[in-house]
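Presented below is the structure to which this report refers.
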Amino acid sequence: MEAEGVGRRLVELVADEAAVAGVSGGQAYARATVDMPPARWRDALRAARDDADLACDFFDWLSAVDELDAGFDVVAHLWSTTHRHGILLRTRVPREAAEVASVVDVYPGAAWHERETHEMFGIAFAGHEGLRPLLLPPQFEGHPLRKEFVLASRVAKPWPGAKEPGESVAGGGRRAVRPPGVPAPGEWGSTPTPAGAGGVGEGPRGGTPARPARRPPTDRPQRPTPGDRPPRSAPGDGDGGGTV
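Positions in the sequence shown are counted from 1; adding 7 to them yields the working numbering.
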């Protein structure tokens with residue numbers, strides 16, 4: 008069955024007007040995609056597993072995508088070991104109430120995937136009784152894969168910058184900029200910007216500290232000044248230097 012037929016078949020089985028079938032990729036990499044309302048999420052995965060024409064008996068993976076104000080897309084990929092085709096199922100949940108039904112009873116292999124998605128995005132999976140931390144320590148606060156989460160490495164390391172409008176690709180300098188949503192280093196974390204440090208940024212503590220001046224190495228002998236060098240001997244001075 009072609010990718011278009013796989014998607015249409017699943018939409019027919021779910022029989023929901025809000026379900027939309029499509030295709031991602033092309034040629035040998037084409038995959039059927041089906042967008043489902045959250046209320047039919049479990050039904051869609053069960054139908055993909057139990058239908059003889061689809062027979063998606065292998066649960067590949069589940070994760071999410073942060074779509075900012077639009078909410079979160081919960082994404083699952085299924086595969087049929089019999090028919091050698093896959094289905095990419097998606098459903099969107101609101102940001103204020105990010106919850107969808109668990110599919111562990113349909114695919115037991117989804118247990119760890121739902122735990123990771125809950126931990127990284129803060130999405131709840133109703134019916135999952137073991138949404139314990141999987142990758143992060145218990146005292147960790149926040150959800151690292153949400154787009155509003157501030158990455159410490161973005162603050163601690165200099166951002167490479169971006170081209171000014173109108174600058175050519177081949178030449179021109181780069182201005183130091185911070186990625187959107189990341190505060191100045193002096194305004195975030197427990198280490199303030201040193202007093203008097205140069206750099207750019209907003210806030211009373213300043214911005215990125217300037218790079219310290221390079222100091223000459225102390226283990227390398229200093230080159231003598233021209234006045235301290237011994238004079239060169241004139242031709243004829245010394246052994247074998249005379250003329251006949």
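For each residue, glycine too, the CB sits at the ideal point set by N, CA and C. Since the model is a prediction, treat every value here as computed from it, not as a measurement.
For the pair Cys-63 and Gly-93, the Cα-to-Cα distance works out to about 7 Å. The continuous beta strand (DSSP E) containing Thr-40 extends over residues 38-42. With distances taken between CA atoms, Val-107 lies nearest to Arg-47 out of Leu-17, Val-13, Arg-47, Gly-32.
Rounded to whole angstroms, Phe-156 and Ala-59 show a C-alpha spacing of 43 Å. Cβ contact annotation for Ala-131 (same chain, cutoff 7 Å, sequence separation greater than five): Ala-105, Glu-106, His-125, in chain order.
From the listed residues Pro-151, Glu-148, Leu-96, Arg-153, the smallest Cα separation to Arg-49 is found for Leu-96. Judged by pairs of C-beta atoms under 8 Å, the segment 10-30 does not touch the segment 74-82, as fewer than three such pairs exist. Under the DSSP assignment, His-150 falls outside any alpha helix (DSSP H); it carries neither an H nor an E label. Secondary structure of Leu-95 (DSSP, three-state): strand. For Thr-89, the CB contacts under 6 Å within the same chain, skipping 5 residues up- and downstream, are Ala-62 in chain order.
In the structure shown, the three-state DSSP call for Leu-138 is coil. For the alpha helix (DSSP H) assignment, the uninterrupted runs of no fewer than 4 residues enclosed by the segment 8-80 are, from N- to C-terminal side, 10-21, 48-57. Going by beta carbons, His-135 and Trp-68 fall outside the 8 Å limit. With 16 or more other Cβ atoms from the protein chains shown falling within 10 Å of its own Cβ, Arg-16 counts as buried. For His-84, the three-state secondary structure derived from DSSP is strand.
Put simply, the backbone Cα of Arg-153 is about 20 Å away from that of Pro-45.
Membership of Glu-106 in the beta strand (DSSP E) is indicated by the continuous run 106-108.
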